[in-house]
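Beneath this line is the structure, given in structure tokens, with notes to follow.
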Amino acid sequence: MEIAARFVGHSLADIERAVIISTVSRCRTDREASEKLGIHLKTLRSKLKKIQDERIP
């Protein structure tokens with residue numbers, strides 16, 4: 031419940047972005063992060079590119 035309370039009021043996209051960034055920062059490689067997230071490496075890289083593109087004005 032404590033984790034869920036932390037995300038109240040945030041969109042699913044915001045939560046996904048936070049989880050991806052947190053996981054990637056804790057892993058040595060994108061492959062390791064994709065395995066921990068349970069998604070294909072290509073999917074992770076696509077999501078990371080989207081996150082990067084959103085940050086660039």
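Residue 31 is where the sequence shown starts when you use our numbering, and the numbers rise one by one after that. Ideal placement from N, C-alpha and C gives every residue a C-beta, glycine not left out.
Discussion item. To the nearest angstrom, how far is the alpha carbon of residue 59 from that of residue 73?
Written reply: Cα to Cα, the separation comes out at about 14 Å.
Discussion item. Taking 7 Å as the threshold (C-beta atoms), are residue 37 and residue 45 in contact?
Written reply: Result yes, Cβ atoms of residue 45 and residue 37 sit closer than 7 Å.
Discussion item. With a threshold of 8 Å on Cβ separation, who are the neighbours of residue 78 within its own chain once the five nearest residues in sequence on each side are excluded?
Written reply: Cβ neighbours of residue 78 beyond the five flanking positions: 50, 54 and 60.
Discussion item. Quick check: what's the CA-CA separation for residue 40 versus residue 71?
Written reply: A straight line joining the alpha-carbon of residue 40 with that of residue 71 spans about 26 Å.
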